[in-house]
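Taking this note's numbering, the leading residue of the sequence shown gets 163, the next gets one more, and so forth.
See structure below.
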Amino acid sequence: MTEMKPLLSVQDITKAFPFPRDLLQRLRRQPGQAVHALNGVTLDIRRGETLGIVGESGCGKSTLARCLVRLHDCDSGRVLFGDTDIATLSGAARRAFNAKVQMIFQDPYSSLNPRMRVRQILTEALSVHRMRPAAEIPARIAELLDLVRLPMDAADKYPHEFSGGQRQRIGIARALAVEPQVLVADELVSALDVSVQAQVVNLLLALQDQLHLTVVFVAHDLRLVRHISHRVAVMYLGKVVEVGPTEALFSAPLHPYTQALLAAAPEIDPARRSRRVAAKGELPSPVNLPQGCLFNTRCPLAFERCFKERPALPASGDHRAACHLTQAEKE
Ligand code: SF4
C-alpha cells in the first residue's frame with residue numbers, strides 16, 4: 163500500500179485512569195496513583211486499509227480504540243480525523259464524526275437492546291443520524307440485512323432469537339446503517355466459537371472491499387490479525403513498539419517484544435520459533451512504569467542505555483520499531 167495522507171492520525175496520546183485517593187493519602191496530601199493506559203501512542207491509519215492492533219491483555223489497545231471514536235478523551239496529544247482534532251468537535255460536527263467513525267463492540271450479547279426487534283434497532287440508528295427519510299427506511303433495512311447476509315425475516319426478531327455470530331452481524335449492520343468511513347472493531351469475534359469467528363471475519367473482509375471501508379481491527383489473536391490486516395501495530399504497556407506491513411512484521415519482526423509474542427504463538431510460524439527470543443517474567447504494572455524502555459524488565463537483549471532512555475518509534479519508514487538495538491543496527 164503506497165504512502166498517503168492518513169485518514170486518522172494519532173499523535174503522541176496519553177491516557178491515565180486515576181484511582182480515588184484513600185483517607186491516608188488525602189491526610190498526607192499525597193498524589194493519587196493512576197493506571198497509565200496509553201503512554202505516548204503515535205500511529206497513522208490510512209484510508210482503505212485494515213490496521214491490526216495486537217498486544218497482551220492490558221497493553222492499552224482497547225483504550226486506544228475508545229480514544230479513536232472519542233469514547234475516551236485523551237489526556238495529552240491529539241487524534242486527527244483528516245485535518246480536524248476530534249477533541250474540538252461538538253454538536254452537529256461531533257455527531258457527524260460519530261457516524262463516520264463507528265465502533266463495533268466485542269460483546270454482541272450486551273450491545274443490542276433485548277427489548278427491540280432488529281427492525282427497531284436499525285430504524286433507530288438510521289433515524290438518529292437522519293440517514294434516510296422515513297419512507298425509505300424499510301428498503302434500507304433490507305439492504306443492510308443483505309449486506310451482512312442475514313435473511314429478511316431477521317428484521318422481525320429479537321436479539322435473543324439469534325446465535326452469537328448472527329448477533330454480531332446485527333451489530334455490524336447497525337454500524338453500517340450510518341454509512342461510516344471507518345470501523346473500529348474491538349475484539350470483534352473473541353466471544354464467538356472458532357468456526358463462527360472465521361465467518362464474521364470473512365464478512366468483514368468482504369464488506370471492507372465492497373464499501374471501501376477503513377478498518378481498525380483490535381485483537382489478541384495473532385492468526386486472525388495476520389489473516390485480516392494490511393498492516394499491524396504491536397502495543398506494549400500503552401505504547402506502539404512496532405508497526406509494519408503484515409507479512410514483513412510476521413516474517414521478520416524487529417522488536418524483541420514482537421519476537422517474544424510470536425515465539426509464544428508457535429502456530430503462527432513453527433519453523434521460526436527457535437530463532438526468536440522469549441520474554442522474561444511478568445508484564446509490569448501500568449501503575450508504576452519502568453524507567454527507560456518499557457520492555458527492559460523482560461527483554462533478554464537489554465543493555466545499559468535501555469534503562470536510561472525510552473526509545474521512540476521512528477517517524478518514517480514502512481516497518482519501524484521503538485528499540486535502541488534495532489535502530490542502532492539500521493544506522
Ligand atoms: Fe530490549 Fe533495549 Fe530494545 Fe527495549 S530498547 S526492546 S530493552 S533492546
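Virtual Cβ for every residue (Gly too), placed ideally from N, Cα, C.
If you're wondering where the values come from, they're calculated on a predicted model, not measured in any experiment.
DSSP three-state label for residue i, please.
{"i": "residue 308", "result": "helix"}
{"i": "residue 200", "result": "strand"}
{"i": "residue 212", "result": "strand"}
{"i": "residue 452", "result": "coil"}
{"i": "residue 218", "result": "coil"}
{"i": "residue 371", "result": "helix"}
{"i": "residue 442", "result": "coil"}
{"i": "residue 412", "result": "helix"}
{"i": "residue 404", "result": "strand"}
{"i": "residue 227", "result": "helix"}
{"i": "residue 426", "result": "coil"}
{"i": "residue 487", "result": "helix"}
{"i": "residue 385", "result": "helix"}
{"i": "residue 376", "result": "strand"}
{"i": "residue 482", "result": "strand"}
{"i": "residue 476", "result": "coil"}
{"i": "residue 154", "result": "Only positions 163 to 493 of the chain appear in this structure, which leaves residue 154 out of reach."}
{"i": "residue 281", "result": "helix"}
{"i": "residue 399", "result": "coil"}
{"i": "residue 393", "result": "strand"}
{"i": "residue 366", "result": "helix"}
{"i": "residue 457", "result": "coil"}
Can you say whether residue i is buried or exposed, counting buried as having 16 or more other CB atoms within 10 angstroms of its CB?
{"i": "residue 473", "result": "buried"}
{"i": "residue 235", "result": "exposed"}
{"i": "residue 314", "result": "exposed"}
{"i": "residue 322", "result": "exposed"}
{"i": "residue 263", "result": "buried"}
{"i": "residue 267", "result": "buried"}
{"i": "residue 469", "result": "exposed"}
{"i": "residue 356", "result": "exposed"}
{"i": "residue 444", "result": "exposed"}
{"i": "residue 254", "result": "exposed"}
{"i": "residue 457", "result": "buried"}
{"i": "residue 163", "result": "Legend: pLDDT at residue 163 = 46, less than 50; position of this residue unreliable, no value from coordinates given."}
{"i": "residue 275", "result": "exposed"}
{"i": "residue 304", "result": "exposed"}
{"i": "residue 330", "result": "buried"}
{"i": "residue 327", "result": "buried"}
{"i": "residue 450", "result": "exposed"}
{"i": "residue 243", "result": "buried"}
{"i": "residue 465", "result": "exposed"}
{"i": "residue 482", "result": "buried"}
{"i": "residue 228", "result": "buried"}
{"i": "residue 177", "result": "buried"}
>> Beta-carbon distances below 5 Å to any heavy atom of the ligand SF4 define the shell here; list its residues in chain order, please.
In response: 418, 455, 457, 458, 461, 463, 464, 468, 473, 485, 486, 487
>> Could you check whether the stretch 221-235 touches the stretch 392-403, counting it as contact only if at least three pairs of C-beta atoms, one from each stretch, sit closer than 8 Å?
In response: yes
> Mind pulling the beta strand (DSSP E) runs of 3 or more residues that sit fully within the stretch 288-364?
Replying inline: 344-348
> Do the stretch 166-176 and the stretch 202-217 make contact, defined as three or more Cβ pairs closer than 8 Å?
Replying inline: yes
> Would you call the stretch 356-364 and the stretch 245-260 in contact, with 3 or more CB pairs under 8 Å?
Replying inline: no
>> What ranges does the alpha helix (DSSP H) occupy inside the stretch 232-268, keeping only unbroken runs of at least 4 residues that lie completely in it?
In response: 253-262
> Are the stretch 407-422 and the stretch 483-491 touching, with three or more C-beta to C-beta distances below 8 Å?
Replying inline: yes
>> So, does the stretch 332-341 touch the stretch 274-283, judging by three or more C-beta pairs under 8 Å?
In response: yes
> At which residue ranges does the stretch 173-198 contain complete alpha helix (DSSP H) runs of 4 or more residues, listed in the order of the chain?
Replying inline: 185-189
> Is there contact here, the stretch 296-311 with the stretch 378-389, by at least three beta-carbon pairs under 8 Å?
Replying inline: Counting C-beta pairs closer than 8 Å gives fewer than three between the stretch 296-311 and the stretch 378-389, which falls short of the contact rule.
>> Assess contact between the stretch 189-205 and the stretch 399-408, defined as three or more Cβ pairs (one per stretch) separated by less than 8 Å. Is contact present?
In response: They touch, by the three-pair rule.
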